[in-house]
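Protein chains: 2
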Amino acid sequence: MNMHPVVERLIDVLGSSAVVWRSREMAAYVEDWRGRHAGKAMCVALPSSTEEVSAIVKLCAREQIPILPQGGNTSLCGGAVPSGGEPAPVVVNLARMRHVRSVDVDNHTMEVEAGCVLADIQALAAQHGLLYPISLGSEGSCQIGGNISTNAGGTGVLRYGNTRENILGLEVVLADGTIWDGLRGLRKDNTGLDLKHLFIAAEGTMGIVTAAILKLHPLPRAYAFAWVAVRSPHDALQLLTQCRAAFGPRLTAFEMMNAAQLNLVLEHVPGRRNPLAGNHNWHVLVELADDQEGAEGSQDMQRLLEKAYAQGLLLDAAIAVSEAHRHEMWQVRHSVSEANKKAGVGLTSDTAVPVSRVPDFIDKATAAVREIVPEIGVVVVAHLGDGNVHFIPFFSFKQWASLDAPEATAESIRRAVNDAAYALDGTFSAEHGVGQVYVSQRARYKLPVELAMMRAVKQAFDPHDLLNPGRLLP
Amino acid sequence: MNMHPVVERLIDVLGSSAVVWRSREMAAYVEDWRGRHAGKAMCVALPSSTEEVSAIVKLCAREQIPILPQGGNTSLCGGAVPSGGEPAPVVVNLARMRHVRSVDVDNHTMEVEAGCVLADIQALAAQHGLLYPISLGSEGSCQIGGNISTNAGGTGVLRYGNTRENILGLEVVLADGTIWDGLRGLRKDNTGLDLKHLFIAAEGTMGIVTAAILKLHPLPRAYAFAWVAVRSPHDALQLLTQCRAAFGPRLTAFEMMNAAQLNLVLEHVPGRRNPLAGNHNWHVLVELADDQEGAEGSQDMQRLLEKAYAQGLLLDAAIAVSEAHRHEMWQVRHSVSEANKKAGVGLTSDTAVPVSRVPDFIDKATAAVREIVPEIGVVVVAHLGDGNVHFIPFFSFKQWASLDAPEATAESIRRAVNDAAYALDGTFSAEHGVGQVYVSQRARYKLPVELAMMRAVKQAFDPHDLLNPGRLLP
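Protein chains in written order, with our numbering: chain Z, 801 to 1274; chain F, 801 to 1274.
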């Protein structure tokens, strides 16, 4: 097999153990974890330092070879694997840059390299009595560089914000190989444009993030948790407003799912049980955290729920009586992806609308998809506190197999859901990013002036369109 | 007096009551409130709508007349008044755009026009049981558009972040007069670059902010407050770390001042009294907020301070026994600007360093300025929780008058302070911005790659350099 001269030169620079170029060895890097997207790469480069990343970029820039930066390859929208442009890109996988450079306890910061795994960062912070608050399903394998490049959200956003709000400084290799050392651990720095925001959520199109200074928080010591049945999303929203007023920043999660979602979990994931005795249409998970030992979170939760019950806002509730009990109820929530994958074909959406409009959105999106397929199931699992609704029109495998034109139907259903979100000032991608899957949505929904501004910035930073071409910016 | 043809056309577009062009009437718009900076303007335009702002910008763009956007004119670094380039700019003052477009209680958001005064926004939020958390000395006259354009900080940053963290959406008039409607009230939206960050802290150089969607928070119901005397900044830092661990997000302020600062307030501002009986070298103000009525903040504060006292971390403390008492102690802190102005010539700095390095910074900056003027006073007032130190080398009027070359001395002192901050990975402008005063500092301290990136973005957005030329970007 003939090696491309660029591969040879990369081997010269990085050593042969840091360049993967045989097809079978590249498989894990060019196909996504769900097996939905696969592409071709010229090779995979595995740099161990910022200087090596810079050398790779300079080499590729000279030869006009596109570059695809890659973290843990856990994208839900094909964002981390090649999609087939020519020439095939060099995948720059950051996994070997996994050094924690420093922890500053009094400053509540940590400087980490891009390849650090999220769960490892969480664990190290906890050893220092601190919290890195981003938490999501893939935290055992996703990397901080990918989190930053997609502005990852997850379950802690209500209290702590998205990844963006937890980044103080960045180190980035720019499109010409220049290293920008923006590693400042400051809470306040108003000396010009805050350049780090050009790289956060840019999905590797503006530069390669190689390191970051993360903002850490005090580690909560005590949690209170309730599983609550409500009549409707409207009632869930009223309960949310009451919880925010009563608990303020103690409120760490307010999640919602419908009966269809809960039933899929109970049917398809062994060991999961219904937290409540009866059957209810809508379910809410409420969590609050306290920083002082001996805080009375569960009593405060109890008091609020009693009041809400008296108002007719809730139908039933279970407050966790132990950490094990809380964990068991969270497990139901964390099992939705597994359940849905086993149960059928879900056309997962990642919409967000203003929190106040979630009930309206669910009604309108349901009506819209049932105009297309009257008998379609609707599964809803939402980070209600953030207005982020995974609205999932759902087919059994049998229904799906019986469709005449499944892909066209899926496309029109997805469009109906996102149209409903946009009509309520919402978005088609709250936390997953754009990747490959949402490129057409972006063209449909973003304003021309927004696309023009993005293009102008991209042109200024990567004039030869070498960094992740065709992604994010058309 | 002959009118410039552009002024005539602005009158045609806006009406004569919305264009100020006589010199004496322009005075309030071209000189800053402290009387330190004054410049010339062609005229002052007072638009009442986004469309009018767009019309002004289009007209100026056609004639290549520079534009200086202006809010409440409360800049501390000459950022809001002209500085003397040719041709003199059209000042676009947003004061007439002061409409609150909507309040969405369940979404915790408010849509406001740029000219809304900060204190009015705070008051309106409070009427809905909500909080807009940015709070600063000039809140009675500064406007939200200026807050956004400078990423204003103030006393609430420790818990709520800077202005940037409290903005969800923006409406901006771009340099060619195009209106960008980025008014989305979403907590999560990952559909490309987050363009609003290009206008926040840009000081009017990238576009004119005309409206915003603000993030609101639950309104705290109960405050606990303590005035604490400590031996040193080092001990203050240890106390901060303990407060963060014990109180988490309940901690809303952690401010510090030295004896020199306290004494200036007590001497020069009538009605202020020492919160503690004795004389101490360093003082800390600690505040925590609770969202539930009947919370035990003061008891929790008492408990923590007792523990810290037992460890020898503090010398004396007073816990506020009433809202009036809390207010009285805050007044001491809020009187520092008035006191310092009356007492002499303070070379105010706006440095920030990592929180952990504040003690080291104060030591090094003190040594550095005393190498220049051995007998100089050092006044320190700091948002310690944010690492933001207003380190103020201080002359009596008599000392100042006796200097041979006061401006050159001041310049070398300022440089020594900022050099000390930079040597500890800090910054010369934490919350005031760049304005006119810090332009030379920026050239000294920003990395060439950062200046190049800023220039590239500016070039992409305002190729003819019409928006606030010479500011922010050289």
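The beta carbon of each residue, even a glycine, is placed where N, CA and C say it ideally should be.
From a predicted model like this one, the values you see are computed outputs, not experimental measurements.
query, result
"So if I threshold CB-CB distances at 9 angstroms, which residues from the segment 1223-1252 of chain F count as touching chain Z?", "1225, 1226, 1227, 1228, 1229, 1230, 1231, 1232, 1233, 1234, 1238, 1241, 1242, 1245, 1246, 1247, 1249, 1250, 1251 and 1252"
"Consult DSSP for residue 1073 of chain F and reduce its assignment to one of helix, strand or coil.", "coil"
"Roughly how many angstroms separate the alpha carbons of residue 1041 of chain F and residue 992 of chain F, rounded to a whole number?", "37 angstroms"
"Per the DSSP calculation, residue 981 of chain F is bridged to which residue(s)?", "F:971"
"Contact between the segment 1116-1128 of chain Z and the segment 1047-1066 of chain Z is defined here as three or more beta-carbon pairs at a separation below 8 angstroms; is this criterion met?", "no"
"Report the rounded CA-to-CA distance for residue 896 of chain F versus residue 960 of chain F, giving the unit in angstroms.", "28 angstroms"
"Going by CA-CA distance only, name the one from Z:1092, Z:1158, Z:1249 and Z:805 that's closest to residue 1019 of chain Z.", "Z:1092"
"Tell me residue 1014 of chain Z's beta-bridge partners as DSSP assigns them.", "Z:910 and Z:967"
"Just tell me which of F:1182, F:1026, F:859 and F:1170 has its CA closest to the CA of residue 1136 of chain F.", "F:1182"
"Looking only at its own chain, which residues have a Cβ that is under 8 angstroms from the Cβ of residue 885 of chain Z, when we skip the five neighbours before and after it?", "866, 1269 and 1270"
"Quick one: is residue 988 of chain F near chain Z, going by C-beta distance under 7 angstroms?", "yes"
"Note down, in chain order, all residues in the segment 1131-1164 of chain Z with a beta-carbon under 8 angstroms from any beta-carbon belonging to chain F.", "1152, 1153, 1154, 1155, 1156 and 1157"
"Measure from the C-beta of residue 1111 of chain F to each C-beta in chain Z and report whether the shortest distance is under 7 angstroms.", "no"
"Near residue 1230 of chain F, which residues of its chain fall below 6 angstroms by C-beta distance, leaving aside the five closest residues on each side in sequence?", "1150, 1152 and 1188"
"Within 10 Å of its beta-carbon, does residue 1141 of chain F have 16 or more other beta-carbons around it, so buried, or fewer, so exposed?", "exposed"
"Quick one, which of F:890, F:864, F:856 and F:1110 has its alpha-carbon nearest residue 822 of chain F's?", "F:890"
"Could you pull out every unbroken beta strand (DSSP E) segment of at least 3 residues lying fully inside the segment 1125-1196 of chain Z, listed in chain order?", "1144-1146, 1177-1183 and 1188-1196"
"Taking residue 873 of chain Z and residue 920 of chain Z to be in contact with their CB atoms under 8 angstroms, please state how far apart those CB atoms are, rounded to whole angstroms.", "Their Cβ separation, rounded to whole angstroms, is 17 angstroms, which puts residue 873 of chain Z and residue 920 of chain Z out of contact at 8 angstroms."
"In chain Z, which residues lie less than 7 angstroms from residue 1127 of chain F when you measure between Cβ atoms?", "Result: empty, since nearest Cβ-Cβ is about 21 angstroms, beyond 7 angstroms."
"What in chain Z is Cβ-close to residue 976 of chain F, meaning under 8 angstroms?", "Under the 8 angstroms cutoff, chain Z gives no residues; its nearest Cβ is about 10 angstroms from residue 976 of chain F."
"Going by alpha carbons, who is nearest to residue 1006 of chain Z out of Z:1215, Z:997 and Z:1126?", "Z:997"
"Please compile the residues from chain F whose C-beta is within a distance smaller than 9 angstroms of the C-beta of residue 1079 of chain Z.", "Near residue 1079 of chain Z there are no residues of chain F at all, since even the closest Cβ is about 27 angstroms away, more than 9 angstroms."
"Taking just the CA atoms, how far does residue 915 of chain F sit from residue 940 of chain F?", "12 angstroms"
"Taking all protein chains shown into account, decide if residue 1025 of chain Z is buried (16 or more other Cβ within 10 angstroms of its Cβ) or exposed.", "buried"
"Indicate whether the contact test is met: 3 or more Cβ pairs, each with one atom in the segment 1166-1181 of chain Z and one in the segment 1212-1220 of chain Z, closer than 8 angstroms.", "yes"
"Does residue 1009 of chain F come out as helix, strand or coil in the three-state DSSP assignment?", "strand"
"Return the residues of the segment 1182-1210 of chain Z that lie within a Cβ-Cβ distance of less than 9 angstroms from chain F, sorted by chain order.", "1183, 1185, 1186, 1187 and 1188"
"Got a sec: is the Cβ-Cβ distance from residue 803 of chain Z to anything in chain F below 7 angstroms?", "no"
"Applying a beta-carbon distance threshold of less than 7 angstroms, which residues of chain Z neighbour residue 1170 of chain F?", "Here the premise fails: no neighbours, minimum Cβ distance about 26 angstroms."
"Look at residue 1184 of chain Z and residue 1036 of chain Z and say whether their C-beta atoms are less than 7 angstroms apart.", "yes"
"Where do the ends of the beta strand (DSSP E) carrying residue 1090 of chain Z lie?", "1082-1090"
"Could you check if residue 994 of chain F is buried or exposed, using at least 16 other CB atoms within 10 Å of its CB as the buried criterion?", "buried"
"Short of 6 angstroms in beta carbon distance, which residues of its chain neighbour residue 804 of chain Z, apart from the five on each side in sequence? Order them along the chain.", "842"
"Taking residue 1259 of chain F as the query, report the chain Z residues whose CB atoms sit under 8 angstroms from its CB, ordered along the chain.", "1260"
"Taking contact to mean 3 or more Cβ pairs, one atom from each stretch, closer than 8 angstroms, check whether the segment 979-990 of chain Z and the segment 962-970 of chain Z are in contact.", "yes"
"Mind checking residue 1236 of chain Z: buried by the 16 CB within 10 Å criterion, or exposed?", "buried"
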